[in-house]
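Per this note's numbering, the very first residue in the sequence shown carries number 45; after that it's consecutive.
Don't be surprised by glycine CBs; every beta carbon is placed ideally from N, CA and C.
None of these values were measured; they are calculated from a predicted model.
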Amino acid sequence: MITHIHTDIAKATKALLDGKVVAIPTETVYGLAGNALNDYAVLEIFKAKARPFFDPLIIHVASVEAVEQWITEMPEAARLLFQTFSPGPLTILLKKKNTISDLVTSGLPEVAVRIPNHPLTLELLKKINIPLAAPSANPFGYISPTSAQHVFDQLQGKIPEILDGGTCQVGVESTIIGFENEKIIVYRLGGLAVEDIEKVVGTVEVRAHSTSNPKAPGQLKSHYAPRKSMILGNDVDFFSLEKNKKIGVLSFSKKYLDVAQNEILSPEANLNEAAKNLFAALRRLDNSDIDLIFAEILPNEGLGKAINDRLQRAAAK
Ligand code: TXA
Ligand code: MG
C-alpha cells in the first residue's frame, strides 16, 4: 500500500466514509482516524497500530452539540469544561449511547470524547458529521507523532492517507478526565493544565499514576517509549553518569557541553514550548547513534506535569 501525504479534506472525507483509516492532525498529536460508527474501520485502526483491544479509543467531534448525540448524560461540570476549553486538548469520559460500539470503548460503559483544535480536522469533522475514533497515530507503546512525517516514518505502507496539518501546536496528548460520584478525576495528565481546569471547577483528583490495571492505558507504566534506554534526573545527576557511553541529553533550557547530542526543549524555559518540542526531540535522540538518553525532570507545574509523566513512562522498563 502506498501512503499519500496530502491536504485535501474532500479526499480524506471520502476515504473515511469508505471505511478507510486516515491519519489526521490535531493540536496535541496526530491521530489515526476511522469512522467510529463502522466496526470494520475501527478494527483497521487497531490493526494498523498493533493496539490491544482492551485499550479503548477516543472519539472526535466538532462541537458540544455533537458530543451530546453520542452520550446519555452531560454533567454540568463537563458542559462547563467543554464550553471553556473546547475545541482544545480536553477529553471527557461520558456514559455512551448504544450507537457507539463496544469495540470503540473496549466494552466499557463510558466513551472518551474530545473536540480537537485544528482547523483542517475541525473542517473535516463538520463536513463528515460522524464521530471519528482516533488513537495517537503511532505503533502501540511508541512515541506519539507530532508531524505528518513522524506518522509516515512509522506507518507508511500500513495506512493509505495522511492529512498534513503541519506541526502540532500543543505537542502532548489531551488531558483525560472523568466523573466518579460527581467528583472530577484526571486519568491522564495532558495538554490542558490541571491548574486551568481547577480555575473553572475547583479542586480535582489526579489519578494519573502508573498501574498495571489501568482505566486509561496511557497509564501503563511503560508507554510513549523510545527504543533507547533512558535515565531521568535533575541536572546535577548528570555528573554521576558513567562517561564511557555516548550520552544524548534532553534538557529543559540548559546547554550541556561535551555530550554526543543535546536537545534543548525551550531555551527560554517555557513549559508550553517544551511540550510542543518534546516528542520530536525524543525521536531525534532515539534515531541517533547515542547509547543512552539522559533526560532532565522539568518543573512540575502547568504542562510540566504532563511532560514529566511522559518522561517517566518513556524511561520505565
Ligand atoms: O490528544 C489525544 O488525546 C490524541 C489525539 C489523537 O486526539 N489521542 C490519543 O489517543 O492520545 P490514545 O488512544 O493514544 O490515548 C487515549 C487514552 C488511552 O490511554 C485509552 O485507554 C483512554 O484514552 N481511553 C479511551 N477511551 C476510554 C474509556 N472509555 N475509558 C477509559 N479510558 C479510555
Ligand atoms: Mg497513544
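A Cβ-Cβ separation of about 7 Å places L347 in contact with V216 under the 8 Å criterion. Taking non-hydrogen atoms of the ligand MG into account, the C-beta of P163 is found less than 6 Å away from none of them. Within the stretch 123-183, the runs of alpha helix (DSSP H) at least 4 residues long that lie entirely inside it are, in chain order, 146-149, 163-172. Going by DSSP, H194 is part of the alpha helix (DSSP H) stretching over 192-199.
About 22 Å separates the CB atoms of S191 and I159; that is not less than 8 Å, and the two are not in contact.
Checking the DSSP bridge columns, you'll see S273 partnered with L336.
Rounded to the nearest angstrom, the gap between the Cα atoms of L81 and N173 is 11 Å. The beta-carbon separation of I102 and P179, rounded to 7 Å, stays under the 8 Å limit for a contact.
T57 carries a helical assignment under DSSP once its states are collapsed to helix, strand and coil. A straight-line Cα-Cα distance of about 14 Å links E117 and N225. In this structure A77 is in contact with V65, their Cβ atoms being roughly 7 Å apart against a cut-off of 8 Å.
Residue burial is scored here from C-beta neighbours: T247 has fewer than 16 other C-beta atoms within 10 angstroms and is therefore classed as exposed. Residue N344 holds the alpha-carbon nearest to the alpha-carbon of F296 among L166, A304, N344. With contacts defined as CB atoms closer than 7 Å, K287 and D335 fail to qualify as a contacting pair. Where Q113 is concerned, there is no enclosing beta strand (DSSP E), because DSSP gives it neither an H nor an E. E109 is the residue among T143, T57, P311, E109 whose C-alpha sits nearest the C-alpha of Q127. Ranked by Cα distance from L276, the first of A360, L301, T135 is A360.
For A318, the uninterrupted alpha helix (DSSP H) run begins and ends at 315-331, by DSSP. In this structure, the alpha-carbon of I220 lies about 37 Å from that of V303. Per DSSP, Y74 is not a residue of any alpha helix (DSSP H), being assigned neither H nor E.
Proximity to C212 across F90, N321, A313, L152 peaks at N321, based on C-alpha coordinates. Within the same chain, and ignoring the five residues on either side of L169 in sequence, the residues whose Cβ sits closer than 7 Å to its Cβ are H104, V105, A106, L176.
Exclusion of the five residues before and after E242 leaves V248 as the residues of its chain whose Cβ lies within less than 7 Å of its Cβ. Rounded to whole angstroms, the separation of the alpha carbons of P270 and S332 is 12 Å.
Cβ-Cβ distances below 6 Å link P311 to S297 in the same chain, with the five nearest sequence neighbours on each side left out; the list follows chain order.
Annotated three-state conformation of R357 is helix, per DSSP. DSSP, reduced to helix, strand and coil, places F296 outside both helices and strands of the structure shown, so it counts as coil.
Within 6 Å of the C-beta of P270 there is not a single heavy atom belonging to the ligand MG. In the DSSP annotation of this structure, the continuous segment of the beta strand (DSSP E) that includes E307 starts and ends at 305-308. Annotated as distal: D279 and I49, with beta-carbon spacing of 7 Å or more. Look at P179: its beta carbon is less than 6 Å from one of the heavy atoms in the ligand MG.
Scanning K93, T165, L134 for the CA closest to the CA of S218 turns up L134.
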